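Chemist:
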Amino acid sequence: MNVHPSTNPFRPGDPLAPFAGRQVELARMDHYLKEAAAEGALAFEGQHWLGKSALLLRFNSVFDDQFLGIYLPLRTIDLSSENQLIRAILDGTMRALAGRDITLTRVPEPPADIPMLRIWFVETWLPEIFHIIRPHRKLVLLMDDAHVWLDAEVGEGWPGATFDFFNDLLQQHPQLKILLTIPLEREGDLARLNPLVSPANVLRLTYLSADATGWLLRHPGIYAVTEDAVIAVHRATGGHPQLLQRFAHHIYQYHATHPDAMTTTPELVRTLLPGVYHASTEELASLWTDSTDTEQLVMLAVCRLRYEDPLKTITPEAISDWLVDGEYPLDHVTVNAALRSLEYREVISHRMGGIELTCGLMQTWLLESTRHAVPSGKRSGPRLRPAVLIAAVAAVVVIALLLINLSHTPQSAATTTARPAPTVTLANGTAETP
């Protein structure tokens, strides 16, 4: 098979691009789907660009026809009322049935003037659908971006207790399952999905492992990728799915235009690195803007410490010292709290060299994007601490005020009266003014 740019399978941002990893998530999904006992919905949370939509869109290609997946992109669905959500489920199911060549003549049509579809949905539509797909199949609702549902559910078109309603459906109908996704930044809203989603049924998507990175890079099966090249790409991307997809895209494009070079080496990875970096600034910038001020300072400290000494073991204490020297004093408790948050989001990780930025491309982005906005951590002379600087300025102001006050103080009458001219007594007893 020849490599050609037009056949490049790697498409950053496309949830249907080659899919790697997620064995743990898929295994948990398989267990959930095959469980007879109802346990609510299964939810997956993760940061932007980590493949939540891709996970749901892969459902029908991963699982056999025992499961009928109905993909519901909630961002693009009219959620002005519960009726509209139910209609979206009806339409999605009809399309899925048609795709499986299952007859649709027996599928009931929803009444046009019914005020609440939920009763008809439960009593008429679901039983007929389960009969059509046969008892050995299950209907799986793949509800992408459930936070949109959460936000819409407080509107006037919703009767309330919607999540209780869908949870009751799962309890009453073993042939029905629900998979949800939600952004990591909305993790605090998961409690509002109770009882539909319990904490035990929430899995977090993380960056891809080095093994998954190697599998993805070698997915075309046309050119060779050395193990050292896999390690280099994984260090550069940290296993971030979007960045990894883009690197794989650039590697494929290179081999398509250089048919005599059919092996990906670390040298080639270094050659392609600038192009991947410049195409990835949006994702890298989001890692920065999604962080708090304190987290940004800690990220900067890690970046500059590694830049100043590539062999240094970076510890929380080293970060605190660098920040104090840079006129941003943060105590150890604050630094450690920021580190825990950054590690949870996989912005930083712990390696043999201590604390590191997970994504090597992020190191480059920080050096280029923040060098003029934040102190560099090195100066030719000693730095003044903020307290010392304030005290010095205050002293200068006090002295200036004293000088101004003295310059405007009125002089006394004694000092303003002219002294009499001196006189000289002559020999004849008369006095003469010189």
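Numbering (our numbering), first residue to last: -18 to 415. A virtual CB, placed ideally from N, CA and C, is assigned to each residue, including glycine. Keep in mind that this is a model prediction, so the values were computed, not measured.
Do you know how far the Cα of Gly341 is from the Cα of Thr218?
Modeler: Roughly 6 Å separates the two Cα atoms.
Chemist: Would you report the Cα separation of Pro54 and Val183, rounded to the nearest angstrom?
Modeler: Roughly 19 Å between the two C-alpha positions.
Chemist: At which residues does the alpha helix (DSSP H) containing Val(-16) begin and terminate?
Modeler: Run containing Val(-16): none; DSSP gives neither H nor E here.
Chemist: Can you name the residues that DSSP bridges to Ile51?
Modeler: For Ile51, which the question treats as bridged, DSSP gives the partners Leu122.
Chemist: Going by the beta-carbon positions, is the gap between Asp170 and Leu131 smaller than 8 Å?
Modeler: Cβ distance < 8 Å, so Asp170 and Leu131 count as in contact.
Chemist: Just tell me which of Asp145, Leu189, Ile329 has its CA closest to the CA of Val178.
Modeler: Checking every option, the nearest Cα to that of Val178 belongs to Asp145.
Chemist: Please confirm if the segment 309 to 317 is in contact with the segment 147 to 160, defined as three or more CB-CB distances below 8 Å between the two stretches.
Modeler: Contact between the segment 309 to 317 and the segment 147 to 160 is absent, because fewer than three Cβ pairs lie under 8 Å.
Chemist: If Leu23 and Leu160 are in contact, beta carbons under 8 Å, what's the gap, nearest whole angstrom?
Modeler: Going by Cβ atoms, the distance from Leu23 to Leu160 rounds to 5 Å, so yes, they are a contact pair.
Chemist: Under 7 Å Cβ to Cβ from His231, same chain only, skipping five residues before and after it: list those, please.
Modeler: Leu253, Gly256, Val257.
Chemist: Under a three-way DSSP split, which group does Gly169 fall into?
Modeler: Note: Gly169 maps to helix in three-state DSSP.
Chemist: Give me the Cα-Cα distance between Phe25 and Pro222, rounded to the nearest whole angstrom.
Modeler: Straight-line Cα distance between these residues: approximately 16 Å.
Chemist: What separation, rounded to the nearest whole angstrom, lies between the Cα atoms of Lys158 and Trp269?
Modeler: Whole-angstrom Cα-Cα distance: 37 Å.
Chemist: Kindly indicate which three-state DSSP category His215 falls into: helix, strand or coil?
Modeler: Helix.
Chemist: With H, G and I counted as helix, E and B as strand and the rest as coil, what does DSSP make of Asp(-5)?
Modeler: If DSSP states are grouped into helix, strand and coil, Asp(-5) belongs with coil.
Chemist: Considering just the uninterrupted stretch of the alpha helix (DSSP H) at Leu150, what are its terminal residues?
Modeler: Note, Leu150: alpha helix (DSSP H), 143 to 153.
Chemist: Can you tell me whether DSSP reads Glu6 as helix, strand or coil?
Modeler: The answer is helix: DSSP assigns Glu6 an H, G or I state.
Chemist: Give every residue of the same chain whose Cβ lies closer than 8 Å to the Cβ of Val379, excluding the five residues on either side of it in the sequence, and list them in chain order.
Modeler: With a pLDDT of 46 at Val379, under the threshold of 50, the modelled position of this residue cannot be trusted; read the value that follows with caution. Nothing listed; no residue qualifies.
Chemist: Does DSSP put His112 in a helix, a strand or coil?
Modeler: His112: helix per DSSP, three-state reduction.
Chemist: Nearest by alpha-carbon distance to Glu248: which of Val279, Pro176, His331, Ala210 is it?
Modeler: Comparing Cα-Cα distances from Glu248 to each of Val279, Pro176, His331, Ala210, the minimum goes to Ala210.
Chemist: Distance check for Thr162 and Ala35, CA to CA, integer angstroms please.
Modeler: The straight-line gap from Cα to Cα measures roughly 11 Å.
Chemist: Whose CA, out of Ser261, Ser330, Val328, Arg326, lies closest to the CA of Gly(-6)?
Modeler: Nearest C-alpha to Gly(-6): Ser261.
Chemist: Go ahead and pull the three-state DSSP assignment for Phe25.
Modeler: The answer is strand: DSSP assigns Phe25 an E or B state.
Chemist: For Pro164, which of helix, strand or coil comes out of DSSP?
Modeler: Residue state, collapsed to three classes: strand.
Chemist: Kindly give me the distance between the Cβ atoms of Leu165 and Gln28, rounded to whole angstroms, as I take these residues to be in contact under 8 Å.
Modeler: Leu165 to Gln28, Cβ: 5 Å. Contact.
Chemist: For Thr105, which of Val305, Val88, Ile114 has the nearest alpha-carbon?
Modeler: Nearest of Val305, Val88, Ile114 to Thr105, Cα basis: Val88.
Chemist: For a quick check, are the C-beta atoms of Tyr288 and Asn(-11) less than 8 Å apart?
Modeler: Cβ atoms of Tyr288 and Asn(-11): not closer than 8 Å.
Chemist: Among all the DSSP beta bridges, which residues are the ones paired with Thr245?
Modeler: Answer is Val206.
Chemist: Who are the near neighbours of Gly138 in its chain, counting only those whose CB is closer than 6 Å to its CB and skipping five residues on each side?
Modeler: Here the set comprises Ser61, Ser62.
Chemist: Do you know offhand how far Val279's Cα is from Leu320's?
Modeler: One C-alpha to the other measures close to 7 Å.
Chemist: Could you tell me which residues DSSP puts in a beta bridge with Leu157?
Modeler: BP columns for Leu157 point to Leu120.
Chemist: How is the beta strand (DSSP E) around Arg185 delimited, first residue to last?
Modeler: It spans 183 to 185 - the beta strand (DSSP E) in which Arg185 sits, taken as one unbroken run.
Chemist: Since Leu120 and Leu37 should fall inside the 8 Å C-beta cutoff, what is the C-beta to C-beta distance between them, to a whole number of angstroms?
Modeler: Wrong, their Cβ atoms sit about 15 Å apart, outside the cutoff.
Chemist: On a CA-only basis, which of Ala191, His200, Asp149 is nearest Glu208? Give me that one, please.
Modeler: Among Ala191, His200, Asp149, the Cα nearest to that of Glu208 is on Ala191.
Chemist: What is the residue span of the alpha helix (DSSP H) that His231 lies within?
Modeler: Start and end: 222 to 238.
Chemist: Measuring straight from C-alpha to C-alpha, what distance separates His112 and Leu(-3)?
Modeler: Approximately 31 Å, taken between the alpha carbons.
Chemist: Out of Thr296, Leu281, Glu337, state which residue places its alpha-carbon closest to the alpha-carbon of Glu349.
Modeler: Among Thr296, Leu281, Glu337, the Cα nearest to that of Glu349 belongs to Leu281.
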